[in-house]
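Numbering (my numbering), first residue to last: -12 to 181.
Backbone N, C-alpha and C fix where the C-beta goes; we use that ideal spot for every residue, glycine too.
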Amino acid sequence: MVNTAEPRRTSALAGHYTPGKSGLLGADGMAEVVLRDVQGLTLWQVAAWPDSMDSVARAIAGTAGTQAAPGPCNAVAGKKGSLLRIDPLKWWLFGVQAPEMAPDTGVSLDISHSRTHVRITGDSAAVFLNRFLPLDLRAHAFPEGSVASSSIHHVGVTLWHSDAGYELFVPRGFALAIWEGLVEVAGQFGLEIL
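Below you can see the structure in the form of structure tokens.
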């Protein structure tokens, strides 16, 4: 009998951190930066051809349960998943599997295993992230729903400002090195690891 169940994904960070608080905590014992290794990532990259953009956009918006697919550098959350526009001809479908498409319409690729997902929250999350990313993360410049491709120490990363905080997607092979840098710098703000 063949096992067709989805293999359990193990985070690249598994076993490399201990939940808890550390660093320069506030007088109230609170941390201003909270890091979380988000497990169970479902992430599909969907690409369209220039003449099939509209049909692919409709298909993936329906899959995510959104009214429409977002424009460049934006994301939208739907009833079933979220869509992130990461490239002029590409989206990331977060939290749900991509729909089937004819090759002349578009292509999809499951990239869930290739990324590690870190959520950054807390009162100083944007200031903390600016220690690593050359992006203007002030609320008026990078509001909720914004997406940007950037780099941390020459490693390409994607940052999404979701309703839950800042979602950082790091290539799996560099996840531990990036995580260690995040933890070290977060100590100056007071760090909590969930």
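6 Å CB neighbourhood of residue i in its chain, flanking five on each side removed
i    : result
S95  : W31, V33, A85
I165 : I139, V157
D110 : E19
V63  : T53, P57, L70
A46  : P86
Proximity of residue i and residue j at Cβ, strictly below 8 Å
i     : j    : result
H148  : F129 : yes
S(-2) : T103 : yes
V20   : I73  : no
V172  : F115 : yes
R106  : V157 : no
G10   : G168 : no
H3    : L181 : no
V92   : S39  : For the sequence presented, residue 92 should be read as Thr rather than Val. Cβ atoms of T92 and S39: closer than 8 Å.
Selected residue, minimal CA-CA separation from residue i, among the options
i    : options              : result
F81  : W36, S69, G13, P121  : S69
L122 : L22, V83, C60        : C60
M88  : S42, T53, A112       : S42
W36  : W78, R23, A64, L71   : W78
I98  : D110, A1, V83, R45   : V83
A112 : R23, R(-4), V142     : R23
P75  : A44, H141, G49       : A44
T29  : D38, A55, P90, R(-4) : R(-4)
Rounded straight-line distance, which links the Cα of residue j to that of residue i
i    : j    : result
A51  : R159 : 25 Å
G152 : L124 : 12 Å
D15  : G177 : 11 Å
A126 : K66  : 25 Å
F119 : G13  : 23 Å
G27  : P6   : 18 Å
L0   : M17  : 24 Å
F161 : N117 : 19 Å
K8   : E179 : 4 Å
G49  : A55  : 8 Å
T108 : G143 : 21 Å
P90  : H141 : 33 Å
Residues near residue i in its chain [Cβ-Cβ closer than 8 Å; skip 5 each side]
i    : result
E131 : H148, S149, D150
Own chain partners of residue i with C-beta closer than 7 Å, once the 5 adjacent residues on each side are dropped
i    : result
L155 : V105, I107, V144, L146
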